[in-house]
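Asks: As they're listed, the protein sequences go chains A, B, C and D.
With the first letter of the first sequence counted as 1, position 109 gets the number 109 in my numbering; the numbers rise by one all the way through.
With the first letter of the second sequence counted as 1, position 69 gets the number 69 in my numbering; the numbers rise by one all the way through.
With the first letter of the third sequence counted as 1, position 13 gets the number 13 in my numbering; the numbers rise by one all the way through.
With the first letter of the fourth sequence counted as 1, position 27 gets the number 27 in my numbering; the numbers rise by one all the way through.
Number of protein chains: 4
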Amino acid sequence: MSEKPASADVYELEFSVRDYECDLQGIVNNAVYQNYYEHARHQFLLGKKIDFATLHNEGIDLIVIRVEIDYKYSLRSGDLFKVTVTTHQEGALRLVFEQDIFKLPENKLISHAKVTGVGLNHGRPMKLEAVPGFEELI
Amino acid sequence: MSEKPASADVYELEFSVRDYECDLQGIVNNAVYQNYYEHARHQFLLGKKIDFATLHNEGIDLIVIRVEIDYKYSLRSGDLFKVTVTTHQEGALRLVFEQDIFKLPENKLISHAKVTGVGLNHGRPMKLEAVPGFEELI
Amino acid sequence: MSEKPASADVYELEFSVRDYECDLQGIVNNAVYQNYYEHARHQFLLGKKIDFATLHNEGIDLIVIRVEIDYKYSLRSGDLFKVTVTTHQEGALRLVFEQDIFKLPENKLISHAKVTGVGLNHGRPMKLEAVPGFEELI
Amino acid sequence: MSEKPASADVYELEFSVRDYECDLQGIVNNAVYQNYYEHARHQFLLGKKIDFATLHNEGIDLIVIRVEIDYKYSLRSGDLFKVTVTTHQEGALRLVFEQDIFKLPENKLISHAKVTGVGLNHGRPMKLEAVPGFEELI
Numbered sequence: 001m002s003e004k005p006a007s008a009d010v011y012e013l014e015f016s017v018r019d020y021e022c023d024l025q026g027i028v029n030n031a032v033y034q035n036y037y038e039h040a041r042h043q044f045l046l047g048k049k050i051d052f053a054t055l056h057n058e059g060i061d062l063i064v065i066r067v068e069i070d071y072k073y074s075l076r077s078g079d080l081f082k083v084t085v086t087t088h089q090e091g092a093l094r095l096v097f098e099q100d101i102f103k104l105p106e107n108k109l110i111s112h113a114k115v116t117g118v119g120l121n122h123g124r125p126m127k128l129e130a131v132p133g134f135e136e137l138i
Numbered sequence: 001m002s003e004k005p006a007s008a009d010v011y012e013l014e015f016s017v018r019d020y021e022c023d024l025q026g027i028v029n030n031a032v033y034q035n036y037y038e039h040a041r042h043q044f045l046l047g048k049k050i051d052f053a054t055l056h057n058e059g060i061d062l063i064v065i066r067v068e069i070d071y072k073y074s075l076r077s078g079d080l081f082k083v084t085v086t087t088h089q090e091g092a093l094r095l096v097f098e099q100d101i102f103k104l105p106e107n108k109l110i111s112h113a114k115v116t117g118v119g120l121n122h123g124r125p126m127k128l129e130a131v132p133g134f135e136e137l138i
Numbered sequence: 001m002s003e004k005p006a007s008a009d010v011y012e013l014e015f016s017v018r019d020y021e022c023d024l025q026g027i028v029n030n031a032v033y034q035n036y037y038e039h040a041r042h043q044f045l046l047g048k049k050i051d052f053a054t055l056h057n058e059g060i061d062l063i064v065i066r067v068e069i070d071y072k073y074s075l076r077s078g079d080l081f082k083v084t085v086t087t088h089q090e091g092a093l094r095l096v097f098e099q100d101i102f103k104l105p106e107n108k109l110i111s112h113a114k115v116t117g118v119g120l121n122h123g124r125p126m127k128l129e130a131v132p133g134f135e136e137l138i
Numbered sequence: 001m002s003e004k005p006a007s008a009d010v011y012e013l014e015f016s017v018r019d020y021e022c023d024l025q026g027i028v029n030n031a032v033y034q035n036y037y038e039h040a041r042h043q044f045l046l047g048k049k050i051d052f053a054t055l056h057n058e059g060i061d062l063i064v065i066r067v068e069i070d071y072k073y074s075l076r077s078g079d080l081f082k083v084t085v086t087t088h089q090e091g092a093l094r095l096v097f098e099q100d101i102f103k104l105p106e107n108k109l110i111s112h113a114k115v116t117g118v119g120l121n122h123g124r125p126m127k128l129e130a131v132p133g134f135e136e137l138i
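1. Which residues in chain C sit within 7 Å of residue 139 (chain D), going by Cβ to Cβ distance?
2. Checking contacts by CB at 8 Å: is residue 124 (chain B) closer than that to chain C?
3. When you compare only the Cα positions, how much space is there between residue 34 (chain C) and residue 31 (chain B)?
4. Listed in chain order, which residues of the stretch 63–84 of chain B have Cβ atoms closer than 9 Å to some Cβ of chain C?
5. Take residue 96 (chain A) and list the residues in its own chain whose beta-carbon comes closer than 6 Å to its own, dropping the five residues that flank it on each side.
6. Assign residue 135 (chain A) to buried or exposed, taking buried as 16 or more other Cβ atoms, counted over all protein chains shown, within 10 Å of its Cβ.
7. Return the CA-CA distance between residue 51 (chain A) and residue 57 (chain D), expressed in angstroms with no decimal places.
8. With distances taken Cα to Cα, identify the nearest neighbour of residue 131 (chain D) among D:17, D:16, D:63 and D:74.
9. As a quick exercise: from B:67, B:39, B:110 and B:103, pick the residue whose alpha carbon is nearest that of residue 118 (chain B).
10. Do you know offhand how far residue 129 (chain B)'s Cα is from residue 138 (chain B)'s?
11. Using beta-carbon positions only, say whether residue 26 (chain B) and residue 75 (chain A) come within less than 8 Å of one another.
12. Does any C-beta atom of chain A lie closer than 8 Å to the C-beta of residue 31 (chain D)?
13. If you run the structure through DSSP and keep just helix, strand and coil, what is residue 85 (chain C)?
14. What are the boundary residues of the beta strand (DSSP E) that includes residue 45 (chain A)?
15. Are the C-beta of residue 20 (chain A) and some C-beta of chain B separated by less than 8 Å?
16. With a threshold of 16 other CB atoms inside 10 Å of the CB of residue 107 (chain C), please say whether the residue is buried or exposed.
17. Please list the terminal residues of the continuous beta strand (DSSP E) segment that includes residue 15 (chain A).
18. Residues of the stretch 32–59 of chain D in Cβ contact with chain B at a cutoff of 7 Å, in chain order, please.
19. List the whole-angstrom C-beta distance separating residue 79 (chain A) from residue 16 (chain A), where the pair is believed to meet the contact cut-off of C-beta under 8 Å.
20. Determine, using beta carbons only, whether residue 91 (chain C) comes closer than 8 Å to chain G.
21. Quick check: the Cα distance between residue 114 (chain C) and residue 98 (chain C), rounded to an integer number of angstroms?
22. Tell me where the alpha helix (DSSP H) around residue 57 (chain A) begins and ends.
23. Using a Cβ-Cβ cut-off of 8 Å, state whether residue 6 (chain A) counts as contacting chain B.
24. How should residue 140 (chain C) be labelled, buried or exposed, when 16 other C-beta atoms within 10 angstroms of its C-beta is the threshold for buried?
25. Residues in its own chain within less than 7 Å of residue 59 (chain C) by CB, not counting five upstream and five downstream?
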């Protein structure tokens, strides 16, 4: 019995496909999913008061070092979908974002991504626990 | 009689259409032409040693205030084309870029753009003749 | 005296700026505004039951032949804004979309666009009144 | 002793970064690398006379099911770089593209990608050896 429902930990953001995001084949271009995933991550981080610009001014940059995306089904013009975000720590330095895209309203899994980020302090790898605002993420 | 043929004054840059630039209808999306026009303008300016970053550090920003684009024919996946750039002054403050896109090798006119830019010195409109490097453009 | 307030005729769609839409200067790239304007037009047309794919299958294509955009102020990362759409006829063949972008919540005018479209029936210009669904637009 | 040097098997395509591909941080946005990788793959396939449109008309679609990208260094405005492509088979159904991005002229490794594709015959997975033109790739 879980006292904390899984869903409480999952950030979700809804989108709809815009025509200019579709390609020759009438489906959303593969690279555009990375835009969706990134926008959901940034909104998630903003909700945690983690702001790239502010951190940058303190000499800290958050960068993505690896992206893995599985494409299961395609999104098409006009489709409504949500992007989820959860995070966990990998070692002392890596923050992993696990993300899914579900087509709505049927909640069909369209794509999964694992995105690995690190923090750099004036260009040097830093422990995640030292990044302001990361307490909740790791 | 001109000793310098007109063509000598026209900057040209060649491109080819990339698949991800095409949309549902199999043709280049209208907004992508603005990318092509911008890239050609920036390369043209770089060739004149006019660099946005350097100017910015001196407090000068070059910004576009108006774009007019006529779409005559469409570009498709794989098409080869060139973008041309010429400039002239409009009043003391406005630099106008007249640009064309021609499909190659047949030199068919695909689109024409008139792009109007101004220089801002710490946010205030400045005379074009005061922008470093603009002597040749106006 | 109008019994129908002007605002009743203005379609509006809200957006927020996504980080990947911003460029080197930290502002939304000029070409991205065309994406915003296009998405608002397509959503507006869908609301009128005018669907590009359906029309295409009937041999009718709606295409943009001219875009004019005035850039007054810049949008930045995270900005909330709305895009408006109104239409009127120009001659027998041209449908004009007048569109504005207003930053929210202050309703500051950021950009204005005039986008001219035509209908093609198997590649030939057609009267707007003959385009299915256009009764309300012209 | 190999009569055919390894490099003869590596397809390469040169690009230069366009300003609109850079984001707030002045570096190429992560998603844009996927555009670069895709364009290089499509050009590589075209060089092998493998054309998406022609195959599609025969009921065969080539789709990407997984992308893994490692980001080692960033590309910046104006950078010249090349994208490489090699392929190998994984099982009977999967074609793997191994791709690198090297900054020029110093040949510094910027990013690596492993892209996995499959062929679908009227929506069903098909053996790679049955895809017209794939003889050389597997």
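For each residue, glycine too, the CB sits at the ideal point set by N, CA and C.
Replies: So, from the data block:
1. Outside the modelled stretch of chain D, which goes from 1 to 138, sits residue 139 (chain D), for which no answer is possible.
2. no
3. 5 Å
4. 63, 64, 65, 66, 67, 68, 69, 70, 71, 72 and 74
5. 88, 90 and 116
6. exposed
7. 48 Å
8. D:63
9. B:67
10. 8 Å
11. no
12. yes
13. strand
14. Looking at the DSSP string, residue 45 (chain A) is not in any beta strand (DSSP E); the run it does join, the alpha helix (DSSP H), is 30–47.
15. yes
16. exposed
17. 11–16
18. 35, 38, 39 and 42
19. 7 Å
20. In the displayed structure, chain G is absent; the protein chains listed are A, B, C and D.
21. 5 Å
22. 52–57
23. Its pLDDT being 42, under 50, residue 6 (chain A) is placed unreliably by the model, and nothing is read from it.
24. Residue 140 (chain C) lies beyond the stretch modelled for chain C, which goes from 1 to 138, so this question has no answer here.
25. 121 and 122
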